[in-house]
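In the working numbering, each number is its position in the sequence shown, counted from 1, plus 6. Every residue gets a Cβ at the ideal spot worked out from N, C-alpha and C, and that includes glycine. To start, the structure under review is shown below, and the notes come after it.
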Amino acid sequence: MKILKEKLVKQVNKFIMTKKIKGTSERPRLYIYKSNKHLYAQIIDDINNKIIVSSSTISSELKNIYKSKLYGNCKTAKILGQIIAKKSKEKGLQELIFDRGSNIYHGQIKELANSAREEGMIF
Numbered sequence: 007m008k009i010l011k012e013k014l015v016k017q018v019n020k021f022i023m024t025k026k027i028k029g030t031s032e033r034p035r036l037y038i039y040k041s042n043k044h045l046y047a048q049i050i051d052d053i054n055n056k057i058i059v060s061s062s063t064i065s066s067e068l069k070n071i072y073k074s075k076l077y078g079n080c081k082t083a084k085i086l087g088q089i090i091a092k093k094s095k096e097k098g099l100q101e102l103i104f105d106r107g108s109n110i111y112h113g114q115i116k117e118l119a120n121s122a123r124e125e126g127m128i129f
């Protein structure tokens, strides 16, 4: 019962966060999803319901840079932030809205956000 309650609370928090945050075509939303093994980053235009740019720790570009098999740590989150920032610059996107979902702004999420800011993203 406790696990179901925690899962429900997490879903409600995610719904509340997504309701508050909406991305536009001028200022899309950078959404971060964290699983037990991998990180996923997507830049989403909510008005047109399109994913503009996406990258993850599963992608081949990160695997070529980072040879280790440990994909769920802060080093890979930092590299993923740099990759997503470079891809968004290629599309002409500088200003974003940061959406951490139901995750706490700590550890991997914080590293990803800071590395994207260092690359020139504004959020």
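Rounded to whole angstroms, the separation of the alpha carbons of E124 and K28 is 24 Å.
Each residue's CA atom was taken as its position, placing N42 and A91 some 23 Å apart. According to DSSP, D51 shares a beta bridge with K56. Taking 8 Å as the cut-off, the Cβ atoms of D105 and R33 do not count as close.
One alpha carbon belongs to K26, the other to E12, and they sit about 21 Å apart.
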